[in-house]
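Just so you know, the protein sequences line up as chains A and B, in that order. For the record, in the first sequence the residue sitting at position 97 is 97 according to the working numbering, with numbers rising by one throughout. Take any residue in the second sequence, count from 1 to its spot, add 195: that is its number in the working numbering. Note that the Cβ used here is the ideal one computed from N, Cα and C, for glycine as well.
2 protein chains.
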Amino acid sequence: MNTVEAIFEATIQVLISDGPGDLTTTRVAERAGVSVGSLYQYFPNKQALFHAVNERYLTMLAERVEAACLAHRGARYAEMADALVSTYIAVKIERRDVTIALYRAAAEVDVAEIVEAMSQRIEAASQAMFTTASDAKFANLSTVNVMMLNVLCGTVRNVFERDMSELLIDGGLRTQLTLMFCTYLDAAKFPPSEA
Amino acid sequence: MNTVEAIFEATIQVLISDGPGDLTTTRVAERAGVSVGSLYQYFPNKQALFHAVNERYLTMLAERVEAACLAHRGARYAEMADALVSTYIAVKIERRDVTIALYRAAAEVDVAEIVEAMSQRIEAASQAMFTTASDAKFANLSTVNVMMLNVLCGTVRNVFERDMSELLIDGGLRTQLTLMFCTYLDAAKFPPSEA
DNA sequence: TCAAAACCTGAAGAATCCTTCTTATTTTCA
DNA sequence: TGAAAATAAGAAGGATTCTTCAGGTTTTGA
C-alpha cells in the first residue's frame with residue numbers, strides 16, 4: 001500500500017477509534033506505520049490532511065448520488081424519490097464506522113465548505129432528475145427539492161449519530177423517508193390531484 | 196451577575212467567537228472576568244463545564260417542546276404538526292448564535308448522552324400529543340412519530356449549519372416541514388382517507 | 001555503476017493547555 | 001467583633017501537540 005494511502009486510512013482509523021479530539025499527527029503516523037516526518041512530506045499540516053480525508057469521502061458520496069439521479073431521469077417520481085433515498089442511505093451504511101467518524105469530525109469550520117459544495121452538487125443533480133419525471137410536473141420544484149435534500153441529509157445524520165440501528169437494518173428509515181417524500185411530492189404536483 | 200452565571204455566559208461566547216477547538220479554561224475565565232482558579236471552584240474540570248452548558252440548553256429546549264405538546268392535546272393533527280415544528284424552530288432561532296455554536300460543539304461524546312435523553316423526552320411528549328388528535332387515529336404512530344422527530348431535529352440542524360438564512364427568515368422551513376408532516380400523517384391515518 | 005532525487009526517520013524546539021496549590025480577600029454568623 | 005468558611009487570584013508544574021530539521025536510506029535513470 002502507498003504511503004499516502006496508508007496515511008489516509010490511518011487517519012480514518014484514528015478518527016473511528018479515538019475521535020477527532022485525539023487525532024494527532026503522532027498517532028496517525030504510528031498507525032500508518034510511518035514516521036511523523038513522512039506525514040509532513042505529503043501534507044503541509046494536520047489541517048490539510050484532515051481536509052483531504054473529508055473531501056475524498058464527500059466527493060465519493062456526491063458522485064454516487066449524481067450517478068443515481070442520472071440513471072433515473074424520465075422515471076416516475078416515486079421511483080426517483082426511492083432512488084435518491086436508497087442511494088444516499090446505501091452509501092452511508094456501506095462503511096458505517098467511517099460515516100459516523102466523519103460526522104463527528106464535521107464540526108471543523110474547514111469541513112463546512114466541502115459540505116456546502118457537495119450539497120449543491122447533489123441538489124443540482126436531484127432537481128435535474130425530478131424535472132424529467134414522467135408522471136408529474138411540480139409547481140415550485142426548487143423549494144421542494146431543497147427541502148427534500150435538507151431533510152434527507154439531516155435525518156440520516158441524526159439517525160447515524162443517535163445510532164438508531166433498528167431504523168437502518170430493517171430498512172425502516174428508507175421506507176418511511178421515501179413514503180414521506182412521495183406524499184410531499186404528490187401535494188406539490190401540478191396540476192394538483194383531486195383529493 | 197453571579198460568578199457561575201458569568202462563566203456560563205462566557206463559555207457560550209467563547210464557543211460562538213472561537214469555536215469548540217479554542218474553548219480553553221483561560222479564555223473562558225478571562226471573558227467571564229474571573230480567574231482560572233475561580234472556574235475550578237465551581238467545575239471540577241473543563242469537561243464538566245462544557246457538559247453543564249449543553250445540558251442547560253437542551254433541557255430548556257425539551258421543556259419548551261413538551262409544553263407545546265401539552266398545550267395542543269385534543270387539537271387537529273395538522274395543528275399539532277404545526278405546533279411541533281413552529282415551537283422547535285422558534286426556540287432554535289431565538290438565539291441563533293448560541294444554537295449554531297452548540298451544534299458545532301455537539302461532536303463531543305459527552306454531549307451525545309444528553310442529546311439522546313432529551314430526544315426521548317421530546318419523542319414521548321410528541322407521541323402523547325398525537326394520540327389525542329381529534330380528527331384521526333394513526334396506524335403505527337410510534338414509527339411515524341420517531342420518524343418525524345428525527346426529520347425535524349436533523350433538518351433544522353442541517354439548515355442552521357449550512358446557514359440557509361432564507362429558509363429561516365421567510366418561514367419557508369416551517370411551512371414546508373409542516374406541509375410535509377401533514378401529508379405524511381395523512382397517509383398514515385387510520386382508516387385511510389379515500390384518494 | 002553511481003550520483004541525484006526522492007523518501008524516510010525520530011529527536012527536539014516552541015507553543016499551548018489543563019489543573020493544582022499557595023496566598024489573599026471577602027462573607028458569614030455566632 | 002472576630003474567627004471560620006467561602007471565594008478569588010494567578011503563577012507554575014506536568015503533560016501534550018504540531019512542526020521542523022539534520023541526517024540516513026532507497027529508488028531512479030542516465
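message: Counting only Cβ pairs nearer than 8 angstroms, list the residues of chain B close to A/E116.
response: R357
message: Let me check one thing: in DSSP terms, what residues is B/F333 bridge-paired to?
response: B/K384
Min CB distance A/S126 to chain B below 9 angstroms: no
Cβ neighbours of A/L167 in the same chain (closer than 6 angstroms, five flanking residues each side left out): V159 and L173
- request: Return helix, strand or coil for A/F50, following the three-state DSSP convention.
  value: A/F50: helix per DSSP, three-state reduction.
- prompt: Are the C-beta of B/V354 and some C-beta of chain A separated by less than 9 angstroms?
  reply: It does: the Cβ of B/V354 has a partner Cβ on chain A nearer than 9 angstroms.
field: Span of the alpha helix (DSSP H), counted from its first residue to its last, around A/D170
entry: Per DSSP, A/D170 belongs to no alpha helix (DSSP H) and is neither H nor E.
- prompt: Once you ignore the five residues that flank B/A205 on each side, which residues in its own chain have a CB closer than 6 angstroms to its CB?
  reply: V223, R226 and A227
query: What residues from chain A crowd round B/N345, counting only those whose CB sits closer than 7 angstroms?
result: Scanning chain A for C-beta atoms nearer than 7 angstroms to the C-beta of B/N345 yields T155, N158 and V159, reported in chain order.
query: Going by other Cβ atoms of all chains shown within 10 Å of its Cβ, with 16 needed for buried, is B/F245 buried or exposed?
result: buried
query: With distances taken between CB atoms, is the gap from B/L279 to B/S321 smaller than 9 angstroms?
result: yes
query: Is A/V98 near A/Y40, with beta carbons less than 9 angstroms apart?
result: Pairing A/V98 with A/Y40 gives a Cβ-Cβ distance that is not under 9 angstroms.
field: Nonlocal neighbours in the same chain, by C-beta distance under 7 angstroms from B/K176, ignoring five residues either side
entry: Past the boundaries of the shown model lies residue 176 of chain B; chain B is included only from 196 to 390, so the question cannot be answered.
field: Beta carbon proximity, B/I288 to chain A, threshold 9 angstroms
entry: no
field: Cβ neighbour criterion (16 or more within 10 Å) applied to B/R271
entry: Counting the other CB atoms within 10 Å of its CB gives B/R271 a total below 16, which places it among the exposed residues.
query: Excluding five sequence neighbours on each side, which residues of the same chain lie with their C-beta closer than 7 angstroms to the C-beta of A/V151?
result: None.
message: Since A/C69 and A/A128 should fall inside the 8 angstroms C-beta cutoff, what is the C-beta to C-beta distance between them, to a whole number of angstroms?
response: Yes, they are in contact, since the Cβ atoms of A/C69 and A/A128 sit about 7 angstroms apart, within 8 angstroms.
field: Supposed close pair B/E356, B/Y298 - CB separation, criterion 8 angstroms
entry: 6 angstroms
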